[in-house]
Amino acid sequence: MDFTRTYDVLVVGGGNAALSAAITAAQAGASVVVAEHAPKAMRAGNSRHTRNLRALHPRPTEVLTESYLEEEYWDDLLRVTGGRTDEALARMTIRASEHAPGFLRDCGVVFQPSLSGTLSLSRTNAFFLGGGKALVNALYRTAEKLGITILYDTEVQHITIEDGFAREAIVSWRGFPERIRFKAVIASAGGFQANREWLREHWGDAADNFQIRGTPYAQGRVLKDMLASGVQEVGDVTQFHAVANDARAPMEDGGLAMRLDCVPFSIVVNKDVERFYDEGEDVWPKRYAIWGRLIAQQRDQRAFAITDSQALHNYLPSVFPPMKADSIGELAGLLGLDAGKLECVVAEYNATVQPGSFHPTKLDDCRTEGLAIPKSHWARRIEKPPFYGHPLAPGITFTFLGVKVNERARVMMADGKPSANIFASGEIMAGNILGQGYLAGFGMTIGTVFGRIAGEEASRLVRN
Amino acid sequence: MSETEATVEARRQMEICNACRYCEGYCAVFPAMTLRREFTTGDLTHLANLCHSCKGCYHSCQYAPPHPFGVNVPQTFATIRAESYAEYAWPAPMGRLFERNGTVVTLVAFLAVTLVLLLTMALQDPAILYTAQTGVGAFFRVIPYWLMVGLASLSFGYALLAMGMGALRYWRGTAPGAGQKPITVAPVAQAAFDILTLRNLGGGGHGCNDLDDSFAQKRRWLHHAMFYGFMLCFAATTTGAIYHHFLGWKSPHAFLSLPVQFGTWGGVLLCIGTAGLLWVKTVTDPGPVAKRLLGGEYAMLGLLFLVGITGLLLLVIRHTGAMGVTLAIHLGLVLALFLVMPYSKMVHGLYRGLALLRNAQEKRR
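Encoded structure:
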């Protein structure tokens, strides 16, 4: 590696957004260096754990059914964000998403029709064959063919910014202090969800009980550094996207397989053996994203899904087997809960369950009547042993804080002016469009769309 | 099938895979996995033999080493396959031959060639081995007809019997229990199609991870070359036998005759396929490979290559004084192939075929 050379473009990060940017810039003729913090085997941040991207399409394609148009896409986004979005940027992203699968396919990514256990997204989301790691393998291969320099084990620690102009990056390259010179820089280094200290600033000790679902390399160092250098911030620093994870999952990098889909078919209690939210409020694809936060607000950030043998086949199997017992009291013992209280909660729930016809994937008429916190759908009496208990913890996917960008992916400075040569793509700027909530596959869409724009704009800048 | 370290490990991995399911599009293994929530050793043996080792799932796995979950399905399944070959071998004690299979195959090959050379010299005038033999019955002047046919039928007959018994034991041992549907024409046809096209090495059209995380169809085409080459060689022998017994046409046959044409192109394909597969094995990413099994695999590919190349050599020099020795070596290698067949990598075809049949049957439920 020649650190005396001045590259046209430095891309900070190594996920889908970074590589989409690097590939686009290199295809436009720029010399590109990619600085990826992780070692090769663990490269690509959270992209390694992804599975699909959400794409607009006016007619069925090879992998997407029916059609998914701008207005519906926008409505979906508006609903999940509760209006915390930038309509111009969002609509631009939605329109550009039509071409995202084609770009990725040209980079060697293979798509497949969606199969089982995918939250019925075959109409809106294009699935990567083999998932996100297969996708990034293809992107890296394409990047290598284009002659892009890829530095693994390379952490960008500081970007020197003067009056909105980035001069150089201070990096740790395989443990050695180095600097990389460039004409333009694209920050695609993700959020800060793996930085427990930072989470602790807003969540206190609770942060110790948050599981980080994805890459441990999302430390937010570049984000924090840029915000400190006068870049404008966007999004709420206290917000993150979290799901209901298995409480026994590793604290970092457990990935998708640690999530539990049992909530709608269970009752969920906290450590005080109290239910705290309607488990059957809506179908799971529309509710899985709120349960992480709900659990994060409980004592010790723990909850327990209680169910019985009837429900076992209504949800995907869990990696770690659930606690299993022949009585509710015994199950409470296994979960470390007060047996008498759990028996009461289950008995009270069972007594209020109304007759209905159960349908696992539709809003059925199985509900409770008279509970302070109702269960609106899929309510069946928990009475057929063996009984099962899944311990739950919040699993954080990403944080919402980011750098402000304009529609050309150019980073905005605190004084309201666009930076001269700093661009951003991916999670580090997703908060511009996704201020809260989540749409499955939308992170990858933002990454690909803004990666391409950032790559294009950076290469155009260095040509002039 | 008994519980081993590999089956325990495979069960752990399948429980992760069954909650993830990113690999469903790659091959038959993962859709078959999703039909189960718990995995008996029989299930794991079935899934392991269904695995074609295309490695797609390894290279795309978010949990592959160095991730602490260390999911490495191709490697673990290869180990279970080898254990199942040993477990279901007939007669049972012969299963031990799978332990150091590379050594076994190599030794048998050497011994068989030596035996045939010695027998030839003992039974015929040694001078025949060194002088050019031409005209009708030339081959049988080197090795008497009764010996050639006798050894071949005995060894091949035994191989068929042992593999048949192995197949039976395997089928029973991996049975999913009660409620199995009877085998009908449709699953048999599906399994035959899967075997003959190696559909599961196609990865849905773009191929599999032969060498690294890039997709290619090399292994599929090389295996086709080897398999169909082998089959053409078999056709050569069969047509030769028909010519001999029913038509009264004795060897050596003309170059453009059916037996020689089948044998020639079969030999060429066999050599290309086996050499190519040896090359792939040598240069492939070692991550998803079960290294302990490589010896047996190299030995079998090597033996097949030698059978092919000595056959071709025989065609080239059959009118010269080198024919005798070449014929003896060639037939010695063929004898070795028949002898080790039930106790070598060759049985993978049988169990893979049965796994594909069970899979086709299962999918029709």
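The listed protein sequences correspond, in order, to chains A and B.
Numbers given in the numbering used here equal positions in the first sequence, counted from 1, plus 51.
Numbers given in the numbering used here equal positions in the second sequence, counted from 1, plus 28.
Backbone N, C-alpha and C fix where the C-beta goes; we use that ideal spot for every residue, glycine too.
Query: Identify whether residue 119/A lies in helix, strand or coil by the three-state DSSP scheme.; Result: strand
Query: Alpha carbon to alpha carbon, how far is residue 416/A from residue 241/B? Give it in angstroms, no decimals.; Result: 48 Å
Query: Under the three-state reduction of DSSP, which class applies to residue 433/A: helix, strand or coil?; Result: coil
Query: Please confirm whether residue 117/B and residue 194/B have their CB atoms less than 8 Å apart.; Result: yes
Query: I want to verify the contact list: residues of chain A whose CB lies under 7 Å from the CB of residue 245/B, in sequence order.; Result: Per Cβ cutoff of 7 Å: no residues; residue 245/B is ~14 Å from chain A at best.
Query: With distances taken between CB atoms, is the gap from residue 362/A to residue 316/A smaller than 8 Å?; Result: yes
Query: Can you tell me the Cα-Cα spacing of residue 370/B and residue 187/B, whole angstroms?; Result: 6 Å
Query: Note down, in chain order, every chain A residue with its Cβ under 7 Å from the Cβ of residue 96/B.; Result: 301
Query: What does DSSP give as the partner residue(s) for residue 60/A in the beta ladder?; Result: 83/A, 235/A
Query: For residue 388/B, which residues of its own chain have a beta-carbon under 6 Å away from its beta-carbon, when the five flanking residues on both sides are left out?; Result: 215, 218, 219
Query: Using a beta-carbon distance below 8 Å, is residue 68/A in contact with chain B?; Result: no
Query: So, is the C-beta of residue 137/A closer than 8 Å to a C-beta in chain B?; Result: no
Query: Measuring straight from C-alpha to C-alpha, what distance separates residue 377/B and residue 113/B?; Result: 11 Å
Query: Which residues mark the beginning and the end of the beta strand (DSSP E) in which residue 358/A is found?; Result: 354 to 359
Query: What does residue 217/A pair with, by DSSP beta-bridge criteria?; Result: 212/A
Query: Please classify residue 389/B: does DSSP put it in a helix, a strand, or coil?; Result: helix
Query: Please tell me whether residue 423/B has its Cβ less than 8 Å away from any Cβ of chain A.; Result: Lying outside 29 to 393, the shown extent of chain B, residue 423/B is not represented and no answer is given.
Query: From 352/A, 243/A, 367/A, pick the residue whose C-alpha is nearest to that of residue 273/A; which is it?; Result: 243/A
Query: Work out the CA separation of residue 178/A and residue 169/A for me, nearest whole Å.; Result: Low per-residue confidence applies at residue 169/A: pLDDT is 47, beneath 50, and the placement is therefore not dependable enough to give any value.
Query: Kindly indicate which three-state DSSP category residue 439/A falls into: helix, strand or coil?; Result: strand
Query: Looking at the secondary structure, which residues open and close the beta strand (DSSP E) in which residue 291/A lies?; Result: 291 to 297
Query: Would you mind listing the alpha helix (DSSP H) stretches within the region 348 to 412 of chain A that are 4+ residues and don't spill past its ends, in chain order?; Result: 379 to 386, 390 to 403
Query: Under 7 Å Cβ to Cβ from residue 244/B, same chain only, skipping five residues before and after it: list those, please.; Result: 235, 238
Query: Compute the distance between the beta-carbons of residue 494/A and residue 449/A, then report whether it is under 8 Å.; Result: yes
Query: Bridge partners of residue 223/A, per DSSP?; Result: 206/A, 228/A
Query: I'd like the span of the alpha helix (DSSP H) that includes residue 156/A, first residue to last.; Result: 151 to 157
Query: Buried or exposed: where does residue 221/B fall if 16 or more other Cβ atoms within 10 Å of its Cβ makes it buried?; Result: exposed
Query: Is the beta carbon of residue 377/A less than 8 Å from the beta carbon of residue 437/A?; Result: yes
Query: Taking residue 84/B as the query, report the chain A residues whose CB atoms sit under 7 Å from its CB, ordered along the chain.; Result: 181
Query: Rounded to whole angstroms, what's the CA-CA distance from residue 209/A to residue 54/B? Just pull it up for me.; Result: 42 Å
Query: Which residues share a DSSP beta bridge with residue 449/A?; Result: 292/A
Query: Roughly how many whole angstroms lie between the Cα atoms of residue 354/A and residue 325/A?; Result: 9 Å
Query: For residue 59/B, I'd like the list of residues in its chain whose CB is within less than 7 Å of its CB, leaving aside the five on either flank, ordered along the chain.; Result: 52
Query: Is residue 261/A near residue 352/A, with beta carbons less than 8 Å apart?; Result: yes
Query: Apply the 10 Å Cβ neighbour rule to residue 174/B and answer buried if 16 or more other Cβ atoms are within range, or exposed otherwise.; Result: exposed
Query: Please name the residues in the region 253 to 272 of chain B whose beta-carbon is closer than 7 Å to at least one beta-carbon of chain A, in chain order.; Result: none
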